[in-house]
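Letter by letter, the sequence shown follows residues -20 to -1, 1 to 341 of mature numbering (1 follows the signal peptide of the UniProt record, and there is no 0). For reference, the structure is listed below as structure tokens.
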Amino acid sequence: MSIAIRAAIVCLLSISSLLAAERRIDSDQGFEQFTASKSVKRLDIYSATDTRAIKPIIEAFERLHPYIDVRYNEYESTTLYNGLTSGKIKGADVVLSSAMDLQVKLVNDGYARTLNIPESIDLPDWSHWRNEAFGFTFEPVVIAYNKASFKDTPLPSSHESLVDALRNDPEQYYEKVGSYDIRLSGAGYFFATHDTVVSSISGRILESLARASSHTYCCTSDMLDDLGEGKLALAYNVLGSYALARARKDNRIGVIMPEDYTLVMSRVALVPKQTDNFAAAQTFIRFLLSKEGQQIIASKSNLIALRPEATGPSSIAAISEKRQLRFHPIKIGLPVMTFQDEMKRERFIREWSQLFDARTP
């Protein structure tokens, strides 16, 4: 069956990004339509995942379920969460987001319905919570780099060696490093706070990044653009699925998975209690977690499949490349909400801002 997917792009973007987005959407409705179709049941997916990455999954789902007409609405993760909780965004049957902490908060606040996922869908213990929140990807948090910038310079292979390099080689790194602005990027805030949970040198990492007068970004794509063009030598704590996908297409970019530890996040799916299409929504999430759905992620999507038996360029086996890596998956559950506590959040952002706003010009 032909599919109908619409992406309402709602994000804080630069003027140039907005213009680019406008070129991608329909001028009358503001929604991207891959094809037009009409079917028995309409399923509205509200998501903070790139439309191009999710498209192969939805196409396969609709081939299996021709009575379901999927509409895909794309938002920035914080905008999506705020819209759902304020009631300004309505009508979601499925919510997908890379903001693990915000998805867990929705579940904890009673927003999600309990799902019946067959036992045959064998999921890692860390990837689901209360039968209401389900991770469906395996996405390492990586260091990306411009290959030409390290032609004659050793690459940092761990967080410790990165700190040493930033401190000992200012000529290589000064004003040539990028990372997320945690005040603008939900993912950046999430990764930075989880560094503090896993690593005893997280404070030194932030201090070293600030001392190198690092550039900060709201969005992964902007960071990778500057990396490819050589404006940056290195980008820290980048979402691995996007960095690896870009590196496959742009041979100017390389990716490092730190050998001391590599954080792994998962995009989280849930079904809101207010859905009018529970059966279709549950069917979609079952497919997303199934062997077939995971194989499509691994072989046809820029995301990385959660299930280890999946094969393809976006599989755990492919990104590991037979190396011994210390993946540290972030468990879906209450602990991911720790830094959503208002006082802790304000303090962390204040201390981060003091470091980065005081950079030497």
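Glycine is no exception: its CB is placed at the ideal position from the N, C-alpha and C atoms. What you are looking at is a predicted structure, and each value in this text was computed from that prediction instead of being measured.
For R306, no alpha helix (DSSP H) run applies, since DSSP gives it neither H nor E.
The Cβ atoms of V75 and V218 lie no closer than 7 Å to each other.
When secondary structure is reduced to three states using DSSP, A290 falls in the coil class, being assigned neither helix nor strand. In the DSSP assignment, M245 falls within the beta strand (DSSP E) that extends over 242 to 245.
Of the candidates T59, Y52, M80, A79, the residue whose Cα lies closest to the Cα of A72 is Y52. In this structure, the straight-line span from the alpha carbon of S57 to that of L186 is close to 24 Å. With a 10 Å radius around the Cβ and a threshold of 16 neighbouring Cβ atoms, S333 comes out exposed. Only residues of its own chain outside the window of five on either side were considered, and among them L142, A145 have a CB closer than 6 Å to the CB of P136, listed in chain order. DSSP links K21 through a beta bridge to I48.
The Cβ-Cβ distance between V235 and A227 falls below 7 Å. In the same chain as A33, and ignoring 5 residues on each side of it, the C-beta atoms closer than 6 Å to its own belong to S281, N282, L283, in chain order.
Apart from sequence neighbours up to five positions away, the residues of its chain that approach Y125 with a beta-carbon distance below 6 Å are L214, G234, ordered along the chain. With a 10 Å radius around the Cβ and a threshold of 16 neighbouring Cβ atoms, R327 comes out exposed. In the structure shown, the three-state DSSP call for T29 is coil. Within the DSSP bridge table, the entry for H108 names F114 as partners. Cβ-Cβ distances below 6 Å link R287 to Q274 in the same chain, with the five nearest sequence neighbours on each side left out; the list follows chain order. According to DSSP, G158 shares a beta bridge with H195, A215. Excluding its 5 nearest sequence neighbours in each direction, H174 has C-beta neighbours in its own chain below 7 Å: L243, I310, listed in chain order. At least 7 Å separates the beta-carbon of A190 from that of F307. DSSP links V75 through a beta bridge to Y26, L250.
Distance check between S246 and each of K70, L82, I48 places L82 closest, using alpha-carbon atoms only.
Distance between R330 and S179, taken at the CA atoms: about 20 Å. Y47 counts as exposed, since fewer than 16 other C-beta atoms from the protein chains shown sit within 10 angstroms of its C-beta.
Looking at the DSSP output, G234 shares a beta bridge with Y125.
Distances from the alpha-carbon of D89 to those of I97, R110, I69, I101 put R110 closest. Per DSSP, K271 is one residue of the alpha helix (DSSP H) stretching across 271 to 280.
With 16 or more neighbouring CB atoms inside 10 Å of its own CB, E119 falls in the buried class. In this model, S201 and E239 are separated by some 25 Å (Cα to Cα). Under DSSP, E119 forms a beta bridge with M245.
The beta carbon of Y154 sits closer than 8 Å to the beta carbons of A192, S193 from its chain, once the five residues preceding and following it are set aside; these are given in chain order. In this structure, S66 and A28 do not form a Cβ contact; the two beta carbons are roughly 16 Å apart against a cut-off of 8 Å.
Here the C-alpha atom of K271 lies approximately 33 Å from the C-alpha atom of Q320. Looking at the DSSP output, A92 bridges to P252.
Bounds of the alpha helix (DSSP H) holding R228 are 220 to 229. With fewer than 16 other beta carbons inside 10 angstroms of its own, A128 counts as exposed. In the DSSP annotation of this structure, the continuous segment of the alpha helix (DSSP H) that includes K324 starts and ends at 322 to 337.
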